[in-house]
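>
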Amino acid sequence: MIVTVTPNPSLDRTYEVPALDRGEVVRATGERVDPGGKGVNVSRAVAAAGRRTVAVLPLGGAPGALVADLLAAQGIEVAPVPIAGATRSNIALAEADGVLTKINAPGPELSAAERELLLETVRSQSPGADWIACCGSLPRGLAPSWYAELTARAHAAGARIALDTSGPALLRALRERPDVVKPNAGELAGAVGRPLATVGDAVKAAEELRELGARAVLASLGADGQLLVTGEGTWFGEARVDAVRSNVGAGDASLAGFLAAGGAGPGALASAV
25 MIVTVTPNPS LDRTYEVPAL DRGEVVRATG ERVDPGGKGV NVSRAVAAAG RRTVAVLPLG
85 GAPGALVADL LAAQGIEVAP VPIAGATRSN IALAEADGVL TKINAPGPEL SAAERELLLE
145 TVRSQSPGAD WIACCGSLPR GLAPSWYAEL TARAHAAGAR IALDTSGPAL LRALRERPDV
205 VKPNAGELAG AVGRPLATVG DAVKAAEELR ELGARAVLAS LGADGQLLVT GEGTWFGEAR
265 VDAVRSNVGA GDASLAGFLA AGGAGPGALA SAV
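The opening residue of the sequence shown carries number 25 in the working numbering; numbering runs sequentially from there.
(1) Which parts of the stretch 51-77 are runs of the alpha helix (DSSP H), unbroken and 4 residues or longer, counting only runs that do not cross its ends?
(2) With a threshold of 8 angstroms, are at least 3 pairs of Cβ atoms found where one atom belongs to the stretch 61-68 and the other to the stretch 39-52?
(3) Does the distance from the CB of L26 to the CB of R75 come in under 8 angstroms?
(4) Given a threshold of 16 other Cβ atoms within 10 Å of its Cβ, counted over all protein chains shown, does T222 qualify as buried or as exposed?
(5) Check whether the stretch 243-257 and the stretch 195-210 touch, using three or more Cβ-Cβ pairs below 8 angstroms as the test.
(6) Less than 8 angstroms separating the beta-carbons of E138 and V41?
(7) Considering only residues of the same chain and omitting the five flanking positions on each side of P87, which have a CB-CB separation below 6 angstroms?
(8) Pick out the complete alpha helix (DSSP H) segments inside the stretch 100-155, 4 residues or longer, and give them in chain order.
(9) Looking only at DSSP bridge pairs, what is F282 linked to?
(10) Does the distance from the C-beta atom of L143 to that of I107 stay below 8 angstroms?
(11) Using C-beta distances below 6 angstroms, list every residue in its chain close to I156, excluding the 5 sequence neighbours before and after it, in chain order.
(12) Under the three-state reduction of DSSP, which class applies to G165: helix, strand or coil?
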């Protein structure tokens, strides 16, 4: 079982429009509604591969209820943490020429009691989990140290942690030695404080994250492929893509494939590519 944690989930509405003209009435030609958030995306990909997954996430209001219903309809078990605020709603405008404009709401602020309940819900799911994937930004009310605390509690319960976040939240969590961290190229560069011009630069940066505490680094390098750096070695993988339709959620699907394949070594990397 793969448990995912999405501290700041969303209800995502995507409207297809011929073109976006500022100040004008634009009529949509299509609409879809999806549950959103990086951990949610991982659960959706894991479920699509036929594996059991449980999504832990704070949910509130009508948007939160709809997120839970949409996930359940996809065969995903939901461990909701009730909150007083309403789950955020995001809007995406997809133009006919492929340009995508996204408007992301900040989301609700979690109270101290809600923060603790979220941590406890994750801990309660830990004993039966092969992996716990902690993904995405933190909502208002959660300090940058929150992922570090979650990692410590999950490790104490015997679970393995995969972490996909960035900035101070990532750097603080490294102190608790997450089993895998999953940055993209920009997040990896931000973590080490310098640009990464080559795959070799990315390898060095991943090694630095290991020195800071990460046991393994799975880095998405966009068109340059995927990189896995562990204490046992360094591996690189890439997949040929003739035409890119969208890269939205690509990193989340990569993490899902990696964890579903065991989360270690070149075999799991091949499933991530």
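Idealized CB from N, CA, C, for every residue including glycine.
Straight from the coordinates:
(1) Assignment of alpha helix (DSSP H) within the stretch 51-77, counting only whole runs of 4 or more residues, yields 62-72 in chain order.
(2) Contact between the stretch 61-68 and the stretch 39-52 is absent: fewer than 3 CB-CB pairs across the two stretches fall below 8 angstroms.
(3) Note that residue 26 corresponds to Ile in the displayed sequence, not to Leu. Taking a C-beta distance under 8 angstroms as the contact criterion, I26 and R75 qualify as a contact pair.
(4) Burial call: exposed.
(5) Yes: the two stretches touch, three or more of their Cβ pairs being nearer than 8 angstroms.
(6) Not in contact: E138 and V41 (Cβ atoms no closer than 8 angstroms).
(7) The residues are L35, A110, T111 and S113.
(8) You should have 136-149.
(9) Secondary-structure assignment with DSSP links F282 through no beta bridge to anything.
(10) Using a Cβ distance threshold of 8 angstroms, L143 and I107 do not count as a contacting pair.
(11) Within the same chain, I156 has close Cβ partners V27, A178, A183 and I185.
(12) It is coil, neither helix nor strand.
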